[in-house]
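Numbering (the numbering used here), first residue to last: 46 to 243.
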């Protein structure tokens, strides 16, 4: 286990970063949680996630792990977050690869990332999956249905153009803010739909 611990009374949110394109979503989630008083992020970063983060952002594992209160290695199946008795508010996997989605959908908990996700489902806690793949095969769609039927929320990072984004950062920030909304974390400055004006 790496990383730093914060106040013991903080609410915990698990952030998983797997090997799909879109490492920036995981990184921005970690940064947003770190800025939110009373919350801390517990990170599981897969080896494929590390490769993507380096390719897309030029970031190494240790740089990403420093953004979390606690970071776990994906093979550490004995970690605290592998048990339902460890209190957390839920989990986000962003980005969520199709391999990770399949593991969640079929309870194939062979590493800490899929085990922690499985724990959220069995404990009836919130699990948000941010799948990053296109186009989708029938297997992908069926796995999304299966995960949804078990209680997960499938949240593809689809841009909301009503927010009038001007940069990629704007697009990412809006998606991150909407994801955190699902856990009751309100991100300052998030553009929200105010109805049609005419």
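Cβ coordinates follow ideal geometry from the N, Cα and C atoms, glycine included.
*residue 47 to residue 239, Cα distance in whole Å?*
If you number the chain shown from 1, residue 47 lands on position 2. If you number the chain shown from 1, residue 239 lands on position 194. In this predicted model, residue 47 has a pLDDT of only 43, less than 50, meaning its place in the structure is not dependable; the value taken from the coordinates is given anyway. If you draw a straight line from the Cα of residue 47 to the Cα of residue 239, it is about 42 Å long.
_Any 3 or more C-beta pairs closer than 8 Å across the segment 181–191 and the segment 160–171_ = Taking one beta carbon from each stretch, the segment 181–191 and the segment 160–171 have fewer than 3 pairs nearer than 8 Å; the two do not touch.
*Taking 8 Å as the threshold, find out whether the segment 135–144 comes into contact with the segment 66–75 through three or more Cβ pairs.*
yes
*Collapsed DSSP secondary structure at residue 189 in the structure displayed*: By 1-based counting over the chain shown, the position of residue 189 is 144. Three-state DSSP puts residue 189 in a helix.
*Comparing alpha-carbon positions, which option in 67, 75, 196 and 54 lies nearest residue 60?*
As a first step, residue 60 must be located in the chain shown, where it is residue number 15. In this structure, 75 is the residue among 67, 75, 196 and 54 with its C-alpha nearest to the C-alpha of residue 60.
*Starting from residue 102, trace the alpha helix (DSSP H) both ways and give me its first and last residue.*
As a working note, residue 102 is residue 57 in the chain shown. Its alpha helix (DSSP H) spans residues 92–102.
*Applying the criterion that 16 or more other CB atoms from any shown protein chain within 10 Å of the CB defines a buried residue, is residue 213 buried or exposed?*
The sequence position of residue 213 within the chain shown is 168, counting from 1. Classification for residue 213: exposed.
*Just mark residue 54 as buried or exposed, buried being the case when its beta carbon has 16 or more other beta carbons within 10 Å.*
Within the chain shown, numbered from 1, the residue matching residue 54 stands at position 9. With fewer than 16 other Cβ atoms within 10 Å, it is exposed.
*Helix, strand or coil for residue 214 per DSSP?*
Reading the chain shown from its first residue, position 169 is the one you call residue 214. Here residue 214 sits in helix by DSSP.
*Presumed contact (8 Å Cβ cut-off) between residue 202 and residue 177, rounded CB distance*: In the chain shown, residue 202 corresponds to position 157, counting from 1. In the chain shown, residue 177 corresponds to position 132, counting from 1. Correct: roughly 6 Å between the Cβ atoms.
_Tell me which residue opens and which closes the alpha helix (DSSP H) that residue 70 is part of._
Taking the first residue of the chain shown as position 1, residue 70 is located at position 25. Residue 70: member of the alpha helix (DSSP H) spanning 68–79, first to last residue.
*asked:* Once the 5 residues before and after residue 125 are set aside, which same chain residues still bring their CB inside 6 Å of it?
replied: Reading the chain shown from its first residue, position 80 is the one you call residue 125. The beta carbon of residue 125 lies closer than 6 Å to those of 131 in the same chain, with the five residues before and after it left out.
_Burial state of residue 49, where buried means 16 or more other Cβ atoms lie within 10 Å_ = As a first step, residue 49 is located in the chain shown; it is residue number 4 there, counting from the start. Interpretation of residue 49 is limited by its pLDDT of 43, a score under 50 that renders its predicted location unreliable; the figure taken from the coordinates is listed afterwards. Exposed.
*asked:* So for residue 164, helix, strand or coil by DSSP?
replied: Against the chain shown, residue 164 aligns to sequence position 119. Helix at residue 164.
_As assigned by DSSP and simplified to three states, the class of residue 223_ = Working through the chain shown from its first residue, we reach residue 223 at position 178. Looking at residue 223 - three-state DSSP - the assignment turns out to be helix.
*asked:* Only counting the same chain, and skipping five residues up and downstream in sequence, which positions put a Cβ closer than 7 Å to that of residue 102?
replied: Residue numbering aside, residue 102 sits at position 57 when the chain shown is read from its first letter. The answer, listed in chain order, is 68, 69 and 72.
*Consult DSSP for residue 106 and reduce its assignment to one of helix, strand or coil.*
Taking the chain shown and counting its residues from 1, the one referred to as residue 106 is at position 61. Secondary structure of residue 106 (DSSP, three-state): helix.
*Apart from the five residues just before and just after residue 157, which ones in its own chain have a Cβ nearer than 8 Å to its Cβ?*
Mapped onto the chain shown, residue 157 falls at position 112. Within the same chain, residue 157 has close Cβ partners 89, 117, 118, 119, 120, 121, 122, 124, 126 and 127.
*Does the distance from the CB of residue 184 to the CB of residue 172 come in under 9 Å?*
As a position in the chain shown, residue 184 is number 139, starting the count at 1. As a position in the chain shown, residue 172 is number 127, starting the count at 1. Not a contact, by the Cβ cut-off of 9 Å.
*DSSP state of residue 198, grouped into three classes?*
Along the chain shown, one-based indexing puts residue 198 at 153. DSSP places residue 198 in strand when its eight states are reduced to three.
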